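This report refers to the structure that appears directly beneath it.
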Amino acid sequence: MKSLVLYLAVVLSPFLTLAQSYDLVIQGGRVIDPETGLDAVRNVGIRQGRIMKISAEALAGKRVISANGLIVAPGFIDLHQHAQDLESQRVKALDGVTTALEMEIGKPDVAAFLQSKEGHSLINYGTAASHPAARSLAFGTPLPPDGLLPKSGAATDKPASPEQIEMMKARLRHELEAGALAVGMGIQYTPGASRWEVIEMFRLAAQRKVPVYTHIRSNGKLEPGSNIESVSEVIGAVAVTGASLHVVHINSSCGAQALDCIGLIAGARARGLDVTTEAYPYEAAMTAINSARFNPGWQEKSGVTYHDLMLPETGERLTKERFEELHNSSEPRLVVLFSNTMEAVDPIFRNPLVMVASDGEKGHPRNAGTFCRILARYVRSQGTLTLMDAIRKMSLMPAQALECSTPSARLKGRLQEGADADVVIFDPQTVTDRATYQHPMQPSVGIEYLLVGGVMLVDKGKLMEGVFPGKAILGGTKRQ
Ligand SMILES: [Zn+2]
Numbered sequence: 466m467k468s469l470v471l472y473l474a475v476v477l478s479p480f481l482t483l484a485q486s487y488d489l490v491i492q493g494g495r496v497i498d499p500e501t502g503l504d505a506v507r508n509v510g511i512r513q514g515r516i517m518k519i520s521a522e523a524l525a526g527k528r529v530i531s532a533n534g535l536i537v538a539p540g541f542i543d544l545h546q547h548a549q550d551l552e553s554q555r556v557k558a559l560d561g562v563t564t565a566l567e568m569e570i571g572k573p574d575v576a577a578f579l580q581s582k583e584g585h586s587l588i589n590y591g592t593a594a595s596h597p598a599a600r601s602l603a604f605g606t607p608l609p610p611d612g613l614l615p616k617s618g619a620a621t622d623k624p625a626s627p628e629q630i631e632m633m634k635a636r637l638r639h640e641l642e643a644g645a646l647a648v649g650m651g652i653q654y655t656p657g658a659s660r661w662e663v664i665e666m667f668r669l670a671a672q673r674k675v676p677v678y679t680h681i682r683s684n685g686k687l688e689p690g691s692n693i694e695s696v697s698e699v700i701g702a703v704a705v706t707g708a709s710l711h712v713v714h715i716n717s718s719c720g721a722q723a724l725d726c727i728g729l730i731a732g733a734r735a736r737g738l739d740v741t742t743e744a745y746p747y748e749a750a751m752t753a754i755n756s757a758r759f760n761p762g763w764q765e766k767s768g769v770t771y772h773d774l775m776l777p778e779t780g781e782r783l784t785k786e787r788f789e790e791l792h793n794s795s796e797p798r799l800v801v802l803f804s805n806t807m808e809a810v811d812p813i814f815r816n817p818l819v820m821v822a823s824d825g826e827k828g829h830p831r832n833a834g835t836f837c838r839i840l841a842r843y844v845r846s847q848g849t850l851t852l853m854d855a856i857r858k859m860s861l862m863p864a865q866a867l868e869c870s871t872p873s874a875r876l877k878g879r880l881q882e883g884a885d886a887d888v889v890i891f892d893p894q895t896v897t898d899r900a901t902y903q904h905p906m907q908p909s910v911g912i913e914y915l916l917v918g919g920v921m922l923v924d925k926g927k928l929m930e931g932v933f934p935g936k937a938i939l940g941g942t943k944r945q
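Written out as structure tokens, the structure reads:
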């Protein structure tokens, strides 16, 4: 009797495996997981939004897609995406992104933002709690719900009173309670914030066990106020408060000194401080022209002139007169700033500490092209990154950075059994960005399939209509 059971088990086992049907099977793709180092042809079985099986054996599913010749990787996680509208989410999806978070600064009203996205989001979303918004509120000039950067004025340039600092902290606590993932600071946009105010915000973040994401105080080489000084300021704030820190867009904040600034971060990490950083692969920056970023002295600081500023809608290069007009306006128009070179940007990505994040906003090609540009430019064309390292910088590393905001990030950025089925499937031969400064919303090509929580959002290179699988990623007391 025993031998018969054994016999049946052996004879029937392939059928039993086949009978275990999955919602979806991705068949015969080159599966890459940067955490375990898996890089092999495998079949992937997905059920109820989870990766349930990764196997060399055949798997049966309600739908089976062939991934022969394609790469199967964890969906890309963009920690730095300002534009959260549907049009931008469409180009993000076609760039391989399954999660895009507004972490640099954050939305001015976290609850309102989360409510507006629920059931209406293509990809996963989330936000930091905005220090510039809390500061504007404390100065009596609150930002509108869709605002990001305050117009330069008292709320950006004046030092805050101790009472105003307490008001900011109360507001940030409220926003963290609402589900924000971090404290977001744009110190260059609030130059009136004293070193003490910055330390107080880091202290709050440390108490609440969330990281600080920051655009540093200044850029350029000139002292005082160099990029080295600015990176040192926030590393110092980490050292005295115990907060975790993520320095955004090291490429644009540190320009030609980016590798030196990354060296400071490496030094901090070697001494046990939790500091991370990111970059985007373009030579131009973009920001609001009426912000305090353009307070007097910006040209000397950044080594750029009026002509290096371009309006994205028209391609118009600015003059002194046109600049004054736009800088003094209350309308926060975006301007592209040609302040860097690709010779300075390219080596940044070879550094193992640097992850990829887009700083995406309409009007700059980084919104639509960042992730496929990494694959096309550095993996295929220049051969300066391996596929494994590129995928690590775009999935596992941002997931790991997010883990200090929410434990749910442990199920993201991984192509492993039990992980969330956020999956990108692309053709390594053809994947490329197409967005340019003239046509910044041109979607990338080569992303053949994209799954968000197991739901097919891109199918055979086409974006699906009418599906909204994106879910909130929450921190604070709402963290999962
Ligand atoms: Zn920034």
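Position 465 (the sequence shown) corresponds to 930 in our numbering; numbering is contiguous. Ideal placement from N, C-alpha and C gives every residue a C-beta, glycine not left out. No experiment lies behind these values; they were computed from the predicted model shown.
For Gly-510, report the span of its alpha helix (DSSP H) as first-last. Premise fails: Gly-510 lies in the beta strand (DSSP E), 503-512, not in any alpha helix (DSSP H).
Does at least one heavy atom of ligand 1 sit under 7 Å from the Cβ of Asp-824? yes
Quick one: residues in its chain with C-beta nearer than 8 Å to the C-beta of Ile-766, no 5 flanking neighbours on either side, listed in chain order? The amino acid occupying residue 766 in the given sequence is Lys; Ile does not appear at that position. So the list reads Ser-683, Asn-684, Gly-685, Leu-687 and Gly-690, once near-sequence residues are dropped.
Does the Cβ-Cβ distance between Asp-543 and Gly-834 come in under 8 Å? no
Run the proximity test for Glu-743: is its beta-carbon closer than 7 Å to any non-hydrogen atom belonging to ligand 1? no
Taking only three categories from DSSP, how would you classify Val-801? strand
Limits of the unbroken alpha helix (DSSP H) element including Glu-631: 627-642
Are the stretch 639-653 and the stretch 837-848 touching by the rule of at least three beta carbon pairs closer than 8 Å? no
On the premise that Glu-882 lies in contact with Met-517, defined as a C-beta separation below 8 Å, what is that separation, rounded to the nearest angstrom? 6 Å
Would you check whether ligand 1 has a heavy atom nearer than 7 Å to the C-beta of Gly-732? no
For a test of your reading of the model: does the CB of Ala-569 fall under 7 Å from any non-hydrogen atom of ligand 1? Yes or no. In the sequence as presented, Ala is not what sits at residue 569; that position holds Glu. Correct: Glu-569 has its Cβ closer than 7 Å to ligand 1.
Contact belief for Val-819 with Glu-743 at Cβ below 8 Å, rounded distance in angstroms: 7 Å
Give me, in chain order, the residues of the same chain whose beta-carbon lies closer than 6 Å to that of Arg-636; leave out the 5 immediate sequence neighbours on both sides. Ala-599 and Leu-602
Which residue or residues does DSSP assign as beta-bridge partners of Phe-836? According to DSSP, Phe-836 bridges with nothing at all.
For Ser-531, which residues from the same chain have a beta carbon less than 7 Å from its beta carbon, with the 5 sequence-adjacent residues on both sides left out? Gln-492 and Gly-493
With 16 other CB atoms within 10 Å as the buried threshold, where does Arg-815 fall? exposed
Could you check how far apart the C-beta atoms of Ala-733 and Val-703 are, in whole angstroms? I think they sit under 8 Å. 7 Å
Threshold first: 4 residues or longer. Then list the alpha helix (DSSP H) segments lying entirely within the stretch 752-780, N to C. 763-767
Thinking C-beta only, is Leu-614 closer than 8 Å to Gly-591? no
Smallest Cα separation from Tyr-771: which of Leu-802, Pro-597, Pro-624 and Glu-778? Leu-802
Would you tell me roughly how many angstroms separate the C-alpha atoms of Val-896 and Ile-630, rounded to the nearest one? 48 Å
Could you tell me if the beta carbon of Gly-918 falls within a distance shorter than 7 Å of some heavy atom in ligand 1? no
Closer than 7 Å to a non-hydrogen atom of ligand 1 - does that hold for the CB of His-585? no
Extent of the continuous beta strand (DSSP E) to which Ala-593 belongs: 589-595
Looking at the secondary structure, which residues open and close the alpha helix (DSSP H) in which Phe-788 lies? 785-792
Status (buried if at least 16 other CB within 10 Å, exposed otherwise) for Arg-831: buried
For Glu-826 versus Leu-799, is the C-beta distance shorter than 8 Å? yes
Let me check one thing: in DSSP terms, what residues is His-714 bridge-paired to? Per DSSP, none; premise fails for His-714.
Straight-line CA distance for Ala-620 to Lys-634? 15 Å
Quick one: using the 10 Å Cβ neighbour count with 16 as the cut-off for buried, is Asn-533 buried or exposed? exposed
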